[in-house]
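In order, the protein sequence lines correspond to chains A and B. For the first sequence, the UniProt record's numbering assigns the number 1 to the initial residue and increments by one for each residue that follows. For the second sequence, the UniProt record's numbering assigns the number 1 to the initial residue and increments by one for each residue that follows. Where a beta carbon is used, it is the ideal one built from N, C-alpha and C, also for glycine.
2 protein chains.
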Amino acid sequence: MSQTPRHSAERSVPTSADVARLAGVSRATVSYVLNNTSAVRISEPTRRRVREAAEELGYVPHAAARTLRAGHTRIVLLPTAHIPVGPLYSRFISELQWALRRLDYTVVQYGSLGLDGDAAARAWAELRPVAVLSLGEIALTAQNVEVLKRSGAKAVITLGPQHVEGAHSLVMDQREVGVRAAEHLLERGRRRIGVVVPEEQGLDLFSAPRLAGVRQVAEPAGATVLPVPLAYEEEAADALAARWRGLGLDAVYAYNDEYAMLLMRSLQDAGIAVPDETAVIGADDLLLGRLLRPRLSTVRIDMVTGQLLAELVDRAVRDPTGVPERHDLMGAEVVRREST
Amino acid sequence: MSQTPRHSAERSVPTSADVARLAGVSRATVSYVLNNTSAVRISEPTRRRVREAAEELGYVPHAAARTLRAGHTRIVLLPTAHIPVGPLYSRFISELQWALRRLDYTVVQYGSLGLDGDAAARAWAELRPVAVLSLGEIALTAQNVEVLKRSGAKAVITLGPQHVEGAHSLVMDQREVGVRAAEHLLERGRRRIGVVVPEEQGLDLFSAPRLAGVRQVAEPAGATVLPVPLAYEEEAADALAARWRGLGLDAVYAYNDEYAMLLMRSLQDAGIAVPDETAVIGADDLLLGRLLRPRLSTVRIDMVTGQLLAELVDRAVRDPTGVPERHDLMGAEVVRREST
DNA sequence: TTGAAAGCGCTACCAC
DNA sequence: GTGGTAGCGCTTTCAA
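Spelled out as structure tokens, the structure:
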């Protein structure tokens, strides 16, 4: 009875044994045929019978069983959390996935929202990924890296503000963005610089170092730096603009172009001239920033390409004993337009 | 020799047998303790020994082995392709992930870029997900659904323009967006309506039905509809604006707010008055659209909430025999501002 | 309260 | 060329 097929919903999932039975061969043969094992020659008629049987049953191999047998996976794990990401970043992710797939890896994005570092690392380790690529949404500790490696990960790669012990690190020091913005504003003769700090969750990983970067440049030069919290809402921006003159600022680095556009509009509506009274600069070089009047100055950030990163992953997997590479790859450059 | 621990990199991955050995108990006991199996009482000292041993070895259970044994997973598969998605969508995804995790599912985003429907369905089926949630980036056929169900998926849910046989469908008819935009423009007395069709890849899944929606309303009313291809670049918009008057349009539905902002700027720069000479409407109700002058009119789209969708998934998984639900849930509403 | 052992589906070694 | 079969790591039934 347990073998009686009924509704397709009830019929149990076909295994390679079912295929073998239907084709009248052994499971070994099925495996050889379906995997095109070159070490073994199977006659063409047999191959056909096997393929047809597989087709008829709708056979799909069981990844978990294969993994267990093989002792390793080709999973590259990409932990994600909730970060309101821009178009640059999502394009980068696609590019990366595509490049990794070409190298025959399976990219799995694993949502880790609401897990702390330890729990997250354990959850990832359960999947036995061959590599973990942490893009900075979740901060990894050296201990987490150790857990992952112990679970068989050949490579742990972090893309973030600092080097992590034991991991290949792509150090993207976000301070650089703040540094560039501040240098530019100083050069334009500004001396009292506001720095927008988004109130939205999850962005402090980026905003804090950027603020630090501004400070690092501005304060030694005798300029004042004032952090300005701002929620991404029209009302919040209007409220800020209303008390703007009281702040006595002559420039603002607005975290990124979206916040900059928001703030600039409110400033203009409040009668504050940009850039004459207050210079405004954003970051990310969004197309939309170019559409404003005055056109928005910005800090363009050079992202590493997905292709490049995929190659690094592959290299690290192939040579796990290799010395952790450490690249400093934050390139940031001011694009001056009309708002500064 | 094969058991001699050396560098941590070389030491083989600890299994529950290793934990058992170290704790001086059987593998069964280890399993009981680590899974808090309530059907079995284990003495407190034993529990402690087991936990300590696991901790010391850095033991992490092997998901594939557990899956194989259990015969099913708790994976909800979320296929993704490259679609340049907006902030609404990515927030929705986070929300969904979070809600699903609370229901004890493991959300796996699986990049399927460059796979056709059949190959993709097979690849997904290998993971034996308990549910597949196709958010419309990849069009599923009834056949694909069948493959997935045969591989044990209890629920296949699609969010897209049309119902898919065998799947629970959340029908989001994108035509609705075009319909609303067109109705509004007609109401404002416009009779020659341009419809921006993005040249970017992957967007036609959305743009085609939206265009159809405009036609559906405008043509019976005696208005003209003209598709206008546009790449998301400043130069392309400028070029289009330069030949705008030749098109003889008095209104344009610009696909979404981003394209609308781009085009509106170029139109204004070309001396075309908005809305007097040409009305412009977008879609998505982005914050940035409110910042333009004139403020951008838009079609606000009501997204289903992640919470709601997670509950639907859970319901479908618990009762796989249930009749496929079919919800029509595209709510779209015009937000009139100043550009129309 | 604990242990022995079967078996999930697959691949690869070895024998025929 | 093809088949038999061990064993990957885990959970769970049954026995002690």
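Distance from the CA atom of V147/A to the CA atom of R128/A, rounded to whole angstroms, is 11 angstroms.
Contact between the stretch 186-200 of chain A and the stretch 15-23 of chain B is absent: fewer than 3 CB-CB pairs across the two stretches fall below 8 angstroms.
Chain-order list of chain A residues neighbouring M172/B: empty, with the shortest C-beta distance near 20 angstroms, by a criterion of under 7 angstroms. Among the residues of chain A, those whose CB is under 8 angstroms from the CB of P61/B are E126, following chain order.
Note on the stretch 187-275 of chain B: whole alpha helix (DSSP H) runs with a minimum of 4 residues are 204-218, 234-242, 244-247, 257-269, in chain order. Close to chain B, meaning a Cβ-Cβ distance shorter than 9 angstroms, are the following residues of the stretch 249-266 of chain A: E258, M261, L262, M264, R265, S266. Under the DSSP assignment, L68/A falls in the alpha helix (DSSP H) whose first and last residues are 63-70. About 7 angstroms separates the beta carbons of V108/A and L78/A, which is inside the 8 angstroms limit, making them a contact pair.
Listed in chain order, the positions of the stretch 221-238 of chain B with a beta carbon within less than 8 angstroms of a beta carbon of chain A are Y232, E233, E234.
For the pair of segments examined, the stretch 220-235 of chain A was found not to touch the stretch 153-170 of chain A: the number of CB pairs separated by less than 8 angstroms stays below three. Annotated three-state conformation of S169/A is strand, per DSSP. In the structure shown, V107/B falls within a strand segment according to DSSP collapsed to helix, strand and coil. In the DSSP annotation of this structure, T158/A is not part of any alpha helix (DSSP H); the continuous beta strand (DSSP E) holding it starts and ends at 155-160. R74/B places its beta carbon less than 8 angstroms from that of V130/B. With fewer than 16 neighbouring CB atoms inside 10 Å of its own CB, R245/B falls in the exposed class.
In the DSSP assignment, D328/A falls within the unbroken beta strand (DSSP E) covering 326-328.
For the C-beta of Y110/B, the chain A residues within less than 9 angstroms are, from N- to C-terminus, T106, V107, V108, Q109.
Within 7 angstroms of the CB of S151/B, the CB atoms of chain A belong to V13, V60, in sequence order along the chain.
Contact annotation: Y255/B and V214/B have beta-carbon atoms that are not nearer than 8 angstroms.
Cβ contact annotation for L96/B (same chain, cutoff 7 angstroms, sequence separation greater than five): G306, L309, A310, in chain order.
The DSSP-derived three-state label of I138/B is coil. Annotation: L22/B is outside any beta strand (DSSP E); the continuous alpha helix (DSSP H) that includes it extends over 16-23.
At a cut-off of 8 angstroms, the C-beta of R290/B has a neighbouring C-beta in chain A.
Taking A237/A as the centre and dropping the five residues before and after it, the same chain places the C-beta of L230, L262, L263, R265, S266 closer than 8 angstroms to its C-beta, in chain order.
DSSP places V304/A outside any beta strand (DSSP E), giving it a letter other than H or E.
With respect to the 8 angstroms criterion, T298/A and V335/A are classified as neighbours on the basis of their beta carbons.
The DSSP-derived three-state label of T29/B is helix.
Among the residues facing chain A, V147/B is included, as its CB has a counterpart in that chain under 8 angstroms away. Residue-level contact check: A310/A does not touch chain B, since none of the beta carbons of chain B fall below 8 angstroms from its beta carbon. In this chain, V76/B is not harboured by any alpha helix (DSSP H); it is covered by the beta strand (DSSP E) spanning 75-80. Between V30/B and A23/B, the CB-CB gap stays under 8 angstroms. Note that the C-beta distance between T106/B and V76/B is below 8 angstroms.
For the C-beta of R101/B, the chain A residues within less than 8 angstroms are, from N- to C-terminus, G111, L113, G114.
Between the stretch 114-128 of chain B and the stretch 44-63 of chain A there are three or more C-beta pairs closer than 8 angstroms, enough to call the two in contact. Using a 10 angstroms sphere on the CB of V323/B, the tally of other CB atoms stays under 16, which defines it as exposed. Put simply, the CB of R300/A is far from chain B, with every gap to its CB atoms at 8 angstroms or more.
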